[in-house]
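What follows is a short report on a single structure.
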Amino acid sequence: MARRSKPSIQALIDTIGPPVSSVPWSPRFTAQTLEVLPVGLSDGALFWMKPLHADSLRVGLPSSATPADVVLDVLKWYPLTPVVVHSTSWRHEEGRIILTYIAVVERPSALPADSLMITPLRRAEVARGEAMAAPTSIAVEAVLEHALRHLSWLVRDDPAVMKALSDWKAVLAGYQAEPFRALA
1079 MARRSKPSIQ
1089 ALIDTIGPPV
1099 SSVPWSPRFT
1109 AQTLEVLPVG
1119 LSDGALFWMK
1129 PLHADSLRVG
1139 LPSSATPADV
1149 VLDVLKWYPL
1159 TPVVVHSTSW
1169 RHEEGRIILT
1179 YIAVVERPSA
1189 LPADSLMITP
1199 LRRAEVARGE
1209 AMAAPTSIAV
1219 EAVLEHALRH
1229 LSWLVRDDPA
1239 VMKALSDWKA
1249 VLAGYQAEPF
1259 RALA
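Positions 1079 to 1262 (this note's numbering) are the ones given, in order, by the sequence shown.
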C-alpha cells in the first residue's frame, strides 16, 4: 500500500485556516464574561454564594445572548430561585469585559455537591480609581459592596424591586448608593 504524503502546512492553513492564536478578533468570539453574584437573606443576615474553587460565579457571554436570560439559566443549574436579577457593574479584566449581575435568590434548602458555598456577606471598601482611570484591581468583595449599594438605591426607587424586596429594606439601609453619598 502506498504511503500518503503529508500536506504542507500552507495547504492545511489554506484548507482549515490559521491557528486560533493568530486569528484577529471576531464579533462571534466570546470576549466577555458574565459574573453572577447570588445573594440572599437568612435570619436577618446577608449571604452570598460562590463556587468552591473560584472567586465568583462566571460564565462566557456570547454576543448573541441576552445577559439577563443567561443569568436566569445559570441560576437553574444549582437550582436557585431568583427574586431579583439586576446588572450592577462592568469592568475590564485580563482582556475581557466582565458584566456583573447581582441575583437575589431564596435561601436554597440544598446545593449540588461540590458546586457553590454559602458565605456570610461582609462589608468591604468600594474600589476607587482616578478621575480618568479605573482602579488597577477590583476584588469581588468590592464588586459585591457596589452591587449592594446599587440594590439599596433600587429598593427605595424602583417599584418592582421595592415590592420584591420589601423584607430587605432594613438590612440594605446601611448600604448607601454611591451617587448620593457625597450629598448626605
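Note that beta-carbon positions come from the ideal geometry of N, C-alpha and C, so glycine has one too.
For ALA1220, the enclosing alpha helix (DSSP H) covers residues 1218-1235. Annotation for LEU1150: the continuous alpha helix (DSSP H) segment containing it runs 1145-1154. Take the alpha-carbon of GLU1172 and the one of GLU1223: they are about 22 Å apart. Closest in C-alpha terms to MET1127, from the list LEU1115, GLY1138, VAL1137, comes LEU1115. Membership of VAL1163 in the beta strand (DSSP E) is indicated by the continuous run 1160-1171. Taking 8 Å as the cut-off, the beta carbon of LEU1135 is found closer than this to the beta carbon of GLU1113. Rounded to whole angstroms, the separation of the alpha carbons of ALA1212 and PHE1125 is 28 Å. In the structure shown, the three-state DSSP call for LEU1115 is strand. In this chain, VAL1204 is not harboured by any alpha helix (DSSP H), its DSSP state being neither H nor E. Per DSSP, ALA1251 lies in no alpha helix (DSSP H) segment and is marked neither H nor E. In terms of CA proximity to ALA1205, VAL1218 leads the group VAL1218, THR1144, ARG1174.
Taking 8 Å as the cut-off, the Cβ atoms of ALA1181 and PRO1160 count as close.
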